[in-house]
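Going line by line, the protein sequences match chains C and R.
Residues in the first sequence are numbered from 1 upward in steps of one, following full-length UniProt numbering.
Residues in the second sequence are numbered from 1 upward in steps of one, following full-length UniProt numbering.
Below you'll find the structure, written out as structure tokens, and then a few comments.
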Amino acid sequence: MSTLTIDKAGPTRKVKYGSMSRDRAWALRWSYFFLVLFALFSLTPPLYMLITSLKSSAEISAATNPWWVFHPTLSNYVELLTSNQFLRFFWNSAIVSIVVVIITMLISIPAAFALARMKFWGSATLATGVFLTYLIPDSLLFIPLFKMLAVVQDLTGITLLNRWYVLLFIYPTLTVPFCTWIMIGYFASIPKELDEAALIDGASWLQTLTRIFIPVALPGLIAATIFAFTVSWAQFLYPLVFTTSIDQLVLPVGITTTLIKGDVFNWGQIMTGALLGAAPPLIIYAFLMDYYIAGLTAGATKG
Amino acid sequence: MADVALRKVVKRYDDVEAVRGIDLDIADHEFIVLVGPSGCGKSTTLRMIAGLEDISDGDIMIGGDIVNDVPPKDRDIAMVFQNYALYPHMTVAENMSFGLRLKHYPKAEIKARVTEAARLLDITDLIDRKPKQLSGGQRQRVAMGRAIVRNPKVFLFDEPLSNLDAKLRVQMRIEIKKVHQKVRTTTVYVTHDQVEAMTLADRVVVMNKGRIEQIGTPNELYHKPATRFVAGFIGSPAMNFIPCRLEDVGGTLQIRLTDRIAFPLPPARAARYNALPRTEKLLLGLRPEHLTESHAHFGPGVETFETVLDVTEPMGMETLVYFGLDGTPVCGRVDPNAGAKDGAPMRLAMDLNNMHLLNEETGVVL
């Protein structure tokens with residue numbers, strides 16, 4: 001017993017880092033360095049937009065420090081928010097994006113479920129095909145699409161071109177393939193036993209989808225929703241091509257069409273419009289991120 | 001509750017036959033364990049009973065009705081999966097009642113059944129928790145609860161204890177047995193663990209390479225294995241197989257193990273094996289517990305021999321001794337106080353009253 005010594009100083013002793021924790025500390029420092037760099041890089045343009053939106057046209061064209069506001073004014077905001085035109089663009093964008101998100105989800109979720117779970121002949125090829133569709137750039141597609149809609153209009157007499165609702169048919173060609181692809185990935189990560197258990201419990205395919213898959217793959221669903229909304233909200237080429245009348249325009253096209261007159265750029269209002277236009281996606285991100293909890297499947301199986 | 005019958009059931013995946021024509025009758029209330037090494041077709045068989053796999057050929061009957069084309073939900077079965085397969089977004093109560101809610105049972109009855117099952121499985125306190133807040137053993141109980149509340153004709157268990165640690169596995173094994181004693185539902189249980197099979201089953205079905213090797217009570221399989229596979233698979237440590245041949249010396253039938261070691265067979269065994277050709281290549285099958293330390297008062301049929309031990313493994317209640325007989329590794333079980341030491345010589349006793357004789361080529365127990 002006499003040889004036994006107890007190291008009473010143990011807990012108060014200065015902690016020595018092993019090589020593992022030293023590596024980790026350096027990894028952290030580097031990641032913070034790059035994160036800060038990245039944050040600065042991506043936050044500078046919106047900051048510049050904010051600064052410009054608070055200036056009058058006179059101050060913008062004056063040769064002063066562009067990074068500082070000497071006479072801040074909210075006139076750009078007041079003018080835009082009281083302009084029926086701008087509110088019309090905003091409304092068009094909102095209705096188009098929301099409906100497109102709904103259409104996309106109604107198509108993507110069942111499609112992804114079928115492709116991920118119902119092993120039918122050619123399902124794997126079809127799944128890859130869906131993704132490949134997404135890889136075709138919209139700049140290649142807009143002329144054939146325009147032609148298609150023109151033919152439909154000629155044959156049926158239903159006016160689609162130059163109507164905001166034409167975008168409800170066009171945007172899903174961009175959003176559905178990618179959202180389906182995302183959802184296939186999420187659905188495929190759900191353990192097979194979960195739908196087998198549901199099947200034995202007496203659930204139909206539809207019930208398995210609505211009561212098991214959708215709740216379990218909610219993070220994926222939210223990711224897909226965010227994607228579909230962002231694509232619809234920010235889309236420029238298609239609305240530029242398919243809509244021309246002022247009252248049919250969506251926000252991105254509306255701002256550039258009405259605030260750039262010839263070679264006169266109304267920078268203050270352009271920046272204000274862009275900032276206001278960026279608000280809805282930001283709000284939606286902030287709101288949905290709370291629900292974007294990874295690892296929702298934890299506890300389903302072992303682990 | 002119902003009986004289950006399999007008639008020449010075959011499962012083919014493209015060119016591979018996973019299950020090669022199985023016949024099996026499971027009586028009402030019976031607890032059947034399908035056991036075998038991985039890839040033997042036991043899980044496939046279970047999944048075919050569940051309806052999760054189509055059968056390529058043959059018939060499956062539950063309660064006398066052929067269910068080949070009946071979807072899982074209409075077979076009135078409940079299944080417990082190896083990885084529990086609990087719905088992660090539902091509470092324990094919701095998990096257990098999911099099947100009943102889909103079938104639009106009255107709320108009061110659902111509540112009563114869930115409460116009863118929770119009480120039976122001792123998970124009443126966990127009823128409002130989500131699966132991720134439960135330990136492995138608790139999750140497995142919930143999975144069993146989900147099966148019990150349905151009150152199905154048949155319970156199917158697919159290696160339900162494989163994800164648990166050794167201690168919990170023993171505990172849950174006893175729980176499963178207790179639950180079966182209470183609810184008496186016909187049960188088909190798949191495992192690769194022969195101890196689980198022996199302890200739980202009314203009858204064990206040993207499967208190998210898509211076929212049934214033997215069906216019998218745990219004792220039958222242990223004491224009267226039909227093939228080398230069953231003899232080697234059931235029991236731990238495994239049965240020893242020692243190459244041997246029969247010879248006649250002075251009118252008595254002898255079994256020769258090595259040039260040095262040959263023993264006369266006990267009369268009952270001699271009568272049984274007398275007709276065998278003396279040239280046949282045979283294996284002596286002997287369980288480790290029939291190879292013990294030698295002492296003075298053995299009855300007839302127990303023969304002693306001298307050997308040098310390679311390795312000893314003290315297990316506490318017994319010591320396992322390993323040695324070689326002409327290059328064949330052999331394991332014996334001796335008393336911990338018998339003085340077995342690594343590399344030391346020891347006199348061992350072979351109980352030939354419990355021997356098995358196998359055809360080396362066919363593996364059939366003679």
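Where a beta carbon is used, it is the ideal one built from N, C-alpha and C, also for glycine.
Keep in mind that this is a model prediction, so the values were computed, not measured.
Please state whether DSSP places residue i in a helix, a strand or coil.
i                      : result
C/CYS179               : helix
R/MET61                : strand
R/ALA340               : coil
R/THR252               : strand
C/GLN235               : coil
C/PHE70                : coil
R/GLY51                : coil
R/TYR222               : helix
R/LYS111               : helix
R/TYR87                : coil
R/HIS180               : helix
R/TYR273               : helix
C/ARG24                : helix
R/ARG333               : strand
residue 410 of chain R : Residue 410 of chain R falls outside the range modelled here, since chain R spans only 1 to 366, and no answer is possible.
C/ASP247               : helix
C/MET148               : helix
R/THR319               : strand
R/ASP158               : strand
C/GLN207               : helix
C/ILE98                : helix
C/ASN76                : helix
R/GLU280               : coil
R/MET172               : helix
R/VAL298               : Before going further, note that residue 298 of chain R is Phe rather than Val in the sequence given. Looking at R/PHE298 - three-state DSSP - the assignment turns out to be coil, as it is neither helix nor strand.
Among the candidates the options, whose CA atom is the shortest distance from the CA of residue i?
i                      : options                                : result
R/PRO218               : R/ALA231, R/ALA238, R/ALA197, R/ASP59  : R/ALA197
R/ALA349               : R/ILE261, R/LYS177, R/ASP28            : R/ILE261
residue 369 of chain R : R/ARG272, R/THR199, R/VAL188, R/ALA2   : Not covered by the structure: residue 369 of chain R. The range shown for chain R is 1 to 366.
R/LEU161               : R/GLN140, R/PHE155, R/VAL154, R/LYS153 : R/GLN140
C/ALA279               : C/THR104, C/THR258, C/ILE260, C/LEU251 : C/LEU251
R/LEU120               : R/GLY137, R/GLY136, R/GLU175           : R/GLU175
R/THR312               : R/LYS341, R/ASP326, R/GLY324           : R/LYS341
C/VAL69                : C/LEU81, C/TYR48, C/LEU80, C/ALA116    : C/TYR48
C/TYR77                : C/ASN92, C/ILE51, C/THR64, C/THR210    : C/ILE51
C/ASN162               : C/PHE34, C/THR243, C/VAL253            : C/THR243
R/GLY36                : R/THR191, R/VAL70, R/GLN254, R/LEU200  : R/THR191
R/ARG7                 : R/LEU325, R/PRO71, R/ILE66             : R/ILE66
R/LEU156               : R/PHE323, R/VAL4, R/ARG347             : R/VAL4
R/GLY51                : C/ILE200, C/VAL100, C/LYS147           : C/ILE200
C/VAL264               : C/ALA234, C/SER61, C/PHE113, C/ALA116  : C/SER61
R/PHE81                : C/ALA198, C/THR64, C/GLU59, C/TRP67    : C/ALA198
R/ALA18                : R/SER56, R/VAL33, R/HIS29              : R/SER56
Let me know if residue i comes out buried or exposed under the rule of 16 or more other beta-carbons within 10 Å of its beta-carbon.
i        : result
R/HIS180 : buried
C/TRP181 : buried
C/MET289 : exposed
C/THR297 : Low confidence applies to C/THR297: its pLDDT is 43, below 50, so where it sits in the model is not reliable, and the reading given next is rough at best. Buried, by the Cβ-count rule.
R/PRO225 : buried
C/SER53  : buried
R/ARG47  : buried
R/GLY339 : exposed
C/ILE260 : exposed
C/GLU193 : buried
C/LEU140 : exposed
R/ASP76  : buried
What do you reckon, is the C-beta of residue i under 7 Å from a heavy atom of the ligand SAH?
i        : result
C/ILE255 : Among the components modelled here there is no ligand, and therefore nothing to report on the ligand SAH.
Decide if the stretch 231 to 251 of chain R is in contact with the stretch 275 to 294 of chain R; the criterion is three or more beta carbon pairs, one per stretch, under 8 Å apart.
yes
Tell me whether the stretch 291 to 311 of chain R and the stretch 329 to 342 of chain R touch, counting them as touching only if at least three CB pairs, one residue from each stretch, are closer than 8 Å.
yes
Using a Cβ-Cβ cut-off of less than 7 Å, list which residues of the stretch 71 to 104 of chain R approach chain C; keep chain order.
PRO72, LYS73, ILE77, ALA78, MET79, PHE81, ASN83, TYR84, ALA85, LEU86, TYR87, PRO88, HIS89, PHE98, GLY99, LEU102, LYS103
If you measure beta-carbon to beta-carbon, which residues of the stretch 194 to 211 of chain C are closer than 7 Å to chain R?
LEU194, GLU196, ALA197, LEU199, ILE200, ASP201, GLY202, ALA203, GLN207
If contact means a Cβ-Cβ distance below 7 Å, which residues of the stretch 346 to 359 of chain R contact chain C?
none
Interface positions of the stretch 39 to 57 of chain R facing chain C (Cβ-Cβ less than 7 Å), listed along the chain:
ALA50, LEU52
Mind checking the stretch 214 to 230 of chain C against chain R and listing, in chain order, the residues whose C-beta falls within less than 7 Å of any C-beta there?
PRO215, VAL216
Flag this pair as touching only if the stretch 73 to 93 of chain R and the stretch 203 to 218 of chain C have three or more C-beta atom pairs under 8 Å; answer yes or no.
yes
Interface residues of the stretch 38 to 70 of chain C facing chain R [CB-CB below 9 Å]:
none
Given a limit of 8 Å on CB to CB distance, which residues of the stretch 172 to 193 of chain C reach chain R?
PRO191, GLU193
Cβ contact check for the stretch 233 to 242 of chain C and the stretch 151 to 169 of chain C: 3 or more pairs under 8 Å:
yes
Does the count of Cβ pairs from the stretch 221 to 233 of chain C and the stretch 171 to 179 of chain C closer than 8 Å reach three?
yes
Say whether the stretch 111 to 127 of chain R touches the stretch 145 to 155 of chain R, bearing in mind that this needs 3 or more beta-carbon pairs closer than 8 Å, one atom from each stretch.
yes
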